[in-house]
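Below is one structure; the comments refer to it alone.
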Amino acid sequence: MGSPEQARLERLAELRRRMAAIPARGADAAPRVPTAAGPRRESLSVPSALVGLLPEGGVPRGSVIAYAGASSLLVGLLAAVTGAGGYAAAVGLPRLGLLAAAEMGARLERLAVVPDPGSDPVEIAAVLLDGLDLVVLGLNGLTVPPSRTRVLAARARSRGATLVVTGGTWSGPTLRIATRVDGYEGLGRGRGRLRTVRLEVSVQSRSTPERRGTLTLQPHDEGVEWIATHPAAHPAKPREISQLA
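Sequential numbering of the sequence shown, starting at 1, is according to UniProt numbering.
Structure representation (structure tokens):
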């Protein structure tokens, strides 16, 4: 049996082989949409209901997002990117709902899933940033030193990839998104089928006040979709902003 270090190197080598097999981002990649305000920066595909809460009307490629809250919106981000023709990965998220992703429009053949990245999930994410449009990284309680967060942020910028981190501590992200389940519909006492989920969403960037709104996940045709039920962006009180820092 090989050493843990040998296993780590073999895993990284296998990831790099798989990355080499992915077509280069180009005509078949997710559309690069100019953001709504400021300099013309390319943005990542996101659920349309989320656009009104984002500071620039989109998520700039090369950014790092710190996410906290319900996993359903993370699934929505993965679905939006792969559904638009991009490539994405979920690292360290063993309970990720692939069925939910498919119902939101994800193209699962464009989604890499690494449920158990080993002792250093950040290293796995760094490799994946080289060729994918979006990497969602579950930290499982880890606190990542600022020296490493800066390296990963620089790598994301240089590759034009977006990194979303959740479940741990990450300093200096471009954007913070937090969600909280606000209610369900469709369930009776002890029976019924869940039909809709409401999320309270808050978004804060380095340079703008917090924006808040409510998104609802509800049935649509053969799948489900996100609806902005309260899309207005409300500045938060100072104490509420500090809670996201």
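Cβ coordinates follow ideal geometry from the N, Cα and C atoms, glycine included. Remember, predicted model here, so these are calculated numbers, not experimental data.
Exercise. Excluding the five sequence neighbours on either side, which residues of its own chain have a C-beta within less than 7 Å of the C-beta of A68, listed in chain order?
Worked result: In the sequence shown, residue 68 corresponds to position 68, counting from 1. Annotation for A68: T166, A178 place their beta carbon closer than 7 Å to its own, counting only its chain and skipping 5 residues before and after.
For this session: State the start and end residues of the unbroken alpha helix (DSSP H) segment that holds S158.
Result: Here the question's residue 158 lines up with position 158 in the sequence shown. Its alpha helix (DSSP H) spans residues 146–159.
Exercise. CB-CB under 6 Å to T174, same chain, minus the five flanking residues each way: which ones, in chain order?
Worked result: On the sequence shown, residue 174 is found 174 positions in, with the first residue counted as 1. If we look at T174 and ignore the five residues flanking it on each side, its Cβ neighbours are S63, V64.
Exercise. For L96, which option in G183, L74, S48, G86 has the closest C-alpha, if you only look at C-alpha atoms?
Worked result: On the sequence shown, position 96 is the one that residue 96 refers to. When each option's Cα is compared against that of L96, the closest is L74.
Exercise. What are the start and end residues of the alpha helix (DSSP H) that includes S72?
Worked result: Here residue 72 is taken as the residue at index 72 of the sequence shown, counted from 1. The continuous alpha helix (DSSP H) containing S72 extends over residues 71–83.
Exercise. Is DSSP giving A106 helix, strand or coil here?
Worked result: Working through the sequence shown from its first residue, we reach residue 106 at position 106. Of the three classes helix, strand and coil, the one that applies to A106 here is coil, per DSSP.
Exercise. Nearest to N140 by alpha carbon, out of L152, D116, L199?
Worked result: Position 140 of the sequence shown, counted from the first residue, corresponds to residue 140. Closest by alpha carbon: D116.
Exercise. Could you check where the alpha helix (DSSP H) with V46 kicks off and where it finishes?
Worked result: Here residue 46 refers to the residue found at position 46 when the sequence shown is read from its first residue. First-last for V46: undefined, no H or E at that position.
Problem set entry | Backbone CA spacing between A88 and V81 [nearest angstrom] | Your numbering for residue 88 matches position 88 in the sequence shown. Your numbering for residue 81 matches position 81 in the sequence shown. Across the structure, A88 and V81 are spaced so that their CA atoms are roughly 7 Å apart.
Exercise. Under 8 Å between the Cβ atoms of A125 and V151?
Worked result: Residue 125 sits at position 125 when you count from the first residue of the sequence shown. Residue 151 sits at position 151 when you count from the first residue of the sequence shown. Their beta carbons are not under 8 Å apart, which means A125 does not touch V151 by this criterion.
Problem set entry | Opening and closing residue of the alpha helix (DSSP H) in which residue 248 lies | Absent from the model: residue 248. The displayed extent of the chain is 1 to 245, so no value can be given.
For this session: Thinking V197 and G168 are a contact (beta carbons under 8 Å), I'd like their distance in whole angstroms, please.
Result: By 1-based counting over the sequence shown, the position of residue 197 is 197. By 1-based counting over the sequence shown, the position of residue 168 is 168. The distance from the Cβ of V197 to that of G168 is about 24 Å, inconsistent with a contact at the 8 Å cut-off.
Exercise. So is A161 buried or exposed if we call it buried at 16+ other beta carbons inside 10 Å?
Worked result: Taking the sequence shown and counting its residues from 1, one reaches residue 161 at position 161. Burial call: buried.
For this session: Could you tell me which residues DSSP pairs with A228 in its beta bridges?
Result: As a working note, residue 228 is residue 228 in the sequence shown. Bridge partners of A228: L215.
Exercise. Which residues in the same chain have their Cβ closer than 7 Å to the Cβ of A228, if we skip the five residues on either side of it in sequence?
Worked result: Start at 1 with the first residue of the sequence shown, and residue 228 comes out as number 228. Spatial neighbours of A228 in its own chain (CB-CB distance under 7 Å, excluding positions within 5 residues in sequence) are listed in chain order as A49, G52, G213, L215.
Exercise. What is the DSSP secondary structure of R180, reduced to helix, strand or coil?
Worked result: Here residue 180 corresponds to residue number 180 of the sequence shown, with the count starting at 1. Strand, per DSSP.
For this session: Please check the pair G105 and A79, which I expect to be a contact at CB under 8 Å, by giving their CB distance rounded to whole angstroms.
Result: Here residue 105 refers to the residue found at position 105 when the sequence shown is read from its first residue. Here residue 79 refers to the residue found at position 79 when the sequence shown is read from its first residue. G105 to A79, Cβ: 5 Å. Contact.
Exercise. Leaving out five residues before and five after S3 in sequence, what residues of the same chain have Cβ atoms less than 6 Å from its Cβ?
Worked result: For the purposes of this step, residue 3 is taken as the residue at position 3 of the sequence shown. Answer for S3: no residue qualifies.
For this session: Compute the beta-carbon to beta-carbon distance between L163 and L142, rounded to the nearest angstrom, for a pair I have assumed lies under 8 Å.
Result: Your numbering for residue 163 matches position 163 in the sequence shown. Your numbering for residue 142 matches position 142 in the sequence shown. Taking 8 Å as the upper bound for CB-CB distance, L163 and L142 are not in contact here, some 14 Å apart.
For this session: Classify A154 as buried or exposed, calling it buried when 16 or more other Cβ atoms lie within 10 Å of its own Cβ.
Result: Residue numbering aside, residue 154 sits at position 154 when the sequence shown is read from its first letter. So A154 ends up on the exposed side.
For this session: Just the C-alpha distance for Q218 and Q6, rounded to the nearest angstrom, thanks.
Result: Walking along the sequence shown from the start, residue 218 turns up at place 218. Walking along the sequence shown from the start, residue 6 turns up at place 6. The straight-line gap from Cα to Cα measures roughly 46 Å.
Exercise. Distance, Cα to Cα, E222 vs R148?
Worked result: Within the sequence shown, residue 222 is the residue found at index 222, counting from 1. Within the sequence shown, residue 148 is the residue found at index 148, counting from 1. Rounded to whole angstroms, the gap between the alpha carbons of E222 and R148 is 42 Å.
Problem set entry | Closest by C-alpha distance to G86, when choosing among E103, A100, D133 | For the purposes of this step, residue 86 is identified with residue 86 of the sequence shown, where counting begins at 1. When each option's Cα is compared against that of G86, the closest is D133.
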